[in-house]
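I have placed the structure first, in the form of structure tokens, so that the comments after it can refer back to it.
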């Protein structure tokens, strides 16, 4: 570890992804790229929680299919989600025969899962690992905030939890040279989208107590990890085509740009936030999208497509998470936040 | 990965632990070995959740002190707990300056954290990692079951969530040769308590729906991982002085012995369950102790002491977790369970 950063010399590769988007999400930028778009956010289930789990299961299975692999080829699933006791991930894992590692860093879970998956395959401990996460507006809303039936008014600083899930298959670099099956059509085995480093975040708490203002709470954590990443790696913002935060939203992104500039790191030119771009008419959702599914869907569909087509060649994915619970908020605690960053580059 | 098992060639070492036990727990076997025993389970705080967090923070800090290290020497904290959104771990991490990886596999979190810590140090990505978890009877009871004020009758198959926390400092094998400070008195730098392998569990659901009968729900997961461990490693039960499950309790342990025997693996002679031994008069707590804190306190105090004194030389620590939530149980789901195993051996 250089500071807080781990370098992956053997360049674990993301060979395929699987994504599913809710009805509102499918109207936006990911609609064209997601593997499946739902017309009904219940997804044929009788509760929102079961629908969320079914979406995550779909994404995992689809990513394995898209990689032209079979379930028996997978060594490990690394996953987590926003529901209490990460039940979406656990119940998803129940449907598969491979081992499961539960992770939690709220909406930063995608980056944590990517980093851990890269660690397993980089050092030869696993050949193929699936990293996945997701969220659902309605299950998150009723768990973290108010019953949906209340029709509560949303404050202007609030964001809209993304209904969607995303999954990626991460394999050893040298594994790509010998695909296990001949039918590799459609899978970018020759492509070299690699995870080159990961910066693990510290918990940062700037004393924000407004549970509707996640962007302001999380921006300092994003700033901490991003500036740390550049310090540890010796890189500069312009070395990345995209510095992609997970779900800061419009307000949080503005705060992040301000904070990083104060620290002498100017990300203005190439910073994009998944929450800011996920919805078609962002004003409807005030500050934009949020949730573990936000970066999961946007990165694994839209951004991954751009990497495959080499429209962009390097992304610093910085997923941010607010580590509160209704209990901690109710007991007067402020909101501790975290940001994990993974560098994803075309070789 | 051999099957589900990762081998750690560089033998990451547990050089020190830190533990804290609640009043009831301190009356039992861990009382003599824990670094701190509480007279008051509120620990000077005004809520049980804050007390739980304070206990975990104590354990982490104490383990670092016991290792004769300073906080700046630590590369990473890997932790999780039973509370919604693992707030004890997240708020603990807020108090420290090193990065944080949130994990969740219910009461199997200790083994997951140990395995991941070993992975980081084995491959040279980190020098010193802290792995910790804990639980609190009162916060768990009111989150998972009923308000304490209700004075609900406990069914005979139930267990008692352990109030306690445990933390371990895991370092690179070759790091032990060059302690960073001269004042290494008390720390077993020459000792060689190493994590030699980890078997990551699959999610196993035998259809148990009784949320008071965790032992029965978790035993099949323990059986799955334990038999898998012996298959992957080519070892047999007698190769370990102790096969230590986390919190199956008396009933769950009996079921496990039965299930493993059916699979041709007889663990009868050297199986011990932390939940079964943690309380002085087990009958008071029906099937014994449970919770993430159960294995965390028992292993990191009592068992670690036996390893240091070489009264035992090899332990297969199999922490088990029930991956339910009140929502999944309320929606009629059965209880998916998991068990992760780590082999800890004196060289």
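Protein chains in written order, with this note's numbering: chain A, 1 to 347; chain B, 1001 to 1347. Using N, Cα and C, we set each Cβ at its ideal position, and we do this for glycine too.
With a threshold of 16 other beta carbon atoms within 10 Å, residue 1012 (chain B) meets it and is buried. Using a CB distance below 8 angstroms, no part of the region 280-308 of chain A faces chain B. Counting of Cβ neighbours within 10 angstroms places residue 1220 (chain B) among the buried residues, the total reaching 16 or more. The alpha carbon of residue 1336 (chain B) has as its nearest neighbour, out of B:1141, B:1346, B:1025, B:1325, the alpha carbon of B:1325.
Between residue 164 (chain A) and residue 3 (chain A), the CB-CB gap reaches or exceeds 8 angstroms. When C-beta distances to chain B are compared with 8 angstroms, the residues of the region 49-64 of chain A below that value are 49, 50, in chain order.
Around residue 1086 (chain B), the beta-carbon contacts reaching into chain A at under 7 angstroms are 104. The secondary-structure analysis by DSSP pairs residue 1127 (chain B) with nothing; it has no beta-bridge partner.
For residue 260 (chain A), the closest C-alpha among the options A:277, A:130, A:236, A:247 is that of A:236.
By the Cβ criterion, the region 1234-1251 of chain B is in contact with the region 1312-1328 of chain B, since at least three pairs of Cβ atoms, one from each stretch, lie closer than 8 angstroms. Among the bridge pairs identified by DSSP, residue 13 (chain A) is matched with A:171, A:194. Listed by position along chain A, the residues whose Cβ is nearer than 8 angstroms to that of residue 1325 (chain B) are 83, 84, 85, 87. Partner residues in the beta bridge of residue 1289 (chain B), as assigned by DSSP, are B:1160. Residue 1099 (chain B) is classed as buried because its beta carbon has at least 16 other beta carbons within 10 Å across all chains shown. Note on geometry: alpha-carbon atoms of residue 67 (chain A) and residue 1171 (chain B) lie some 36 angstroms from one another. Residue 1211 (chain B) sits in coil when the DSSP states are folded into three classes, being neither helix nor strand. Secondary structure at residue 152 (chain A): coil, using DSSP grouped into helix, strand and coil.
Annotation for residue 1258 (chain B): the continuous alpha helix (DSSP H) segment containing it runs 1249-1262. Measuring C-alpha to C-alpha distances from residue 299 (chain A) to each of A:258, A:167, A:267, A:254 identifies A:167 as the nearest.
Not a single CB atom of chain B sits nearer than 8 angstroms to the CB of residue 197 (chain A). Of the residues assessed, residue 39 (chain A) falls on the exposed side of the cut-off, its CB having fewer than 16 other CB atoms within 10 angstroms. Fully contained in the region 1075-1120 of chain B are the following beta strand (DSSP E) runs of length 3 or more, in chain order: 1076-1081, 1100-1102.
Between residue 1090 (chain B) and chain A, the shortest Cβ-Cβ separation is below 8 angstroms.
Burial is judged here by how many other beta carbons sit within 10 angstroms of a residue's own beta carbon; residue 1085 (chain B) has at least 16 and is buried. By the criterion of a C-beta distance shorter than 7 angstroms, residue 129 (chain A) is surrounded in its chain by 75, 76, 78, 117, 120, 121, 170, once the five residues flanking it on both sides are discounted.
For residue 118 (chain A), no Cβ of chain B is located within less than 8 angstroms of the residue's own Cβ.
Closest in alpha carbon position to residue 263 (chain A), among A:274, A:145, A:223, is A:223. In this structure, the straight-line span from the alpha carbon of residue 1329 (chain B) to that of residue 1132 (chain B) is close to 27 angstroms. Rounded to the nearest angstrom, the Cβ distance from residue 1270 (chain B) to residue 1241 (chain B) is 6 angstroms, consistent with a contact under 8 angstroms.
For residue 229 (chain A), the nearest beta carbon of chain B is not closer than 8 angstroms to its own beta carbon. Residue 1296 (chain B) is positioned such that its CB atom lies no closer than 8 angstroms to that of residue 1214 (chain B). When C-beta atoms of the region 1051-1071 of chain B are compared with those of the region 303-311 of chain A, fewer than three pairs fall below 8 angstroms, so the two segments do not count as touching. Not a single CB atom of chain A sits nearer than 8 angstroms to the CB of residue 1132 (chain B). Setting aside the 5 residues that flank it on each side, residue 1017 (chain B) is surrounded in the same chain by 1063, 1168, 1300, 1304, each with a C-beta closer than 6 angstroms to its C-beta; the list follows chain order. In this structure, residue 331 (chain A) sits away from residue 1052 (chain B), with a CB-CB distance that is not shorter than 8 angstroms.
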